[in-house]
Amino acid sequence: MDIKTKERLIKLAEEEIPIHKHFGLKVEIVEKDFIKVRVPFRKDLVGDIRTNHWHGGIIATILDSVGGAIGIANFNSPEDKLSTIDLRVDYLRFADGNDLVFEGKLVRMGNRIMVTKMKALQENILIAEGKGVYDFIRAKK
Numbered sequence: 001m002d003i004k005t006k007e008r009l010i011k012l013a014e015e016e017i018p019i020h021k022h023f024g025l026k027v028e029i030v031e032k033d034f035i036k037v038r039v040p041f042r043k044d045l046v047g048d049i050r051t052n053h054w055h056g057g058i059i060a061t062i063l064d065s066v067g068g069a070i071g072i073a074n075f076n077s078p079e080d081k082l083s084t085i086d087l088r089v090d091y092l093r094f095a096d097g098n099d100l101v102f103e104g105k106l107v108r109m110g111n112r113i114m115v116t117k118m119k120a121l122q123e124n125i126l127i128a129e130g131k132g133v134y135d136f137i138r139a140k141k
């Protein structure tokens, strides 16, 4: 992937997708088959006010975004389309009031279906893992 494409993808992920901008998502690494992002902890992302733990739905949303970002990194055209078919999330530990790092890896890219595996980590401890299945439609030439 050339530097211009990487810069465009980072700008899209950090500034142009409203939910990512709201979360303060920052891309650390982006390749065609791997992405790593950081999301800073904020009080408005808490799910349990007694313990100051992240909301599980926020974690799932960002896992889905990370999986989808791999698809966008594989677009051949701005008219290519991507949508989530299935998202599976396993929560392994609570996430306390610190930043989270999310990683996504391409597992399979077929003619119409893309599969990714994602992780949420906090201080290098696995918090949640997910699998995303996406409908990937190439624009007609």
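Going by full-length UniProt numbering, the sequence shown opens with residue 1, and the numbers climb by one from there.
Idealized CB from N, CA, C, for every residue including glycine.
Coarse secondary structure for residue i, derived from DSSP in three states
i	result
E103	strand
H55	coil
residue 142	Residue 142 cannot be examined here, being either before or after the span of the chain that is shown, 1 to 141.
F136	strand
D44	helix
G130	strand
A95	coil
I49	coil
Cβ shell of residue i (< 8 Å), same chain only, five flanking positions each side left out
i	result
L121	L100, V101, F102, E103, I127
I19	T61, S65
One or two residues paired with residue i in a DSSP bridge
i	result
V39	L100
S83	D135
residue 154	There is no way to answer for residue 154, as the model of the chain reaches only from 1 to 141.
Nonlocal neighbours in the same chain, by C-beta distance under 7 Å from residue i, ignoring five residues either side
i	result
H55	L45, V46, G47
R93	I125, I127
E79	A139
For residue j and residue i, the rounded distance between their alpha carbons
i	j	result
I59	V66	11 Å
D90	R112	25 Å
I125	M118	14 Å
K43	N52	8 Å
G68	P40	20 Å
Cβ-based neighbour list, residue i, same chain, cut-off 6 Å, excluding 5 preceding and 5 following
i	result
K131	R88, K117
Cβ of residue i within 9 Å of any chain C Cβ
i	result
L92	Protein chain content of the structure displayed is limited to a single chain, and chain C is not contained in it.
Point to revise | Ordered list of alpha helix (DSSP H) runs contained in the segment 8-37, each at least 4 residues | key: The DSSP assignment places complete alpha helix (DSSP H) segments of no fewer than 4 residues inside the segment 8-37 at 18-23, in order along the chain.
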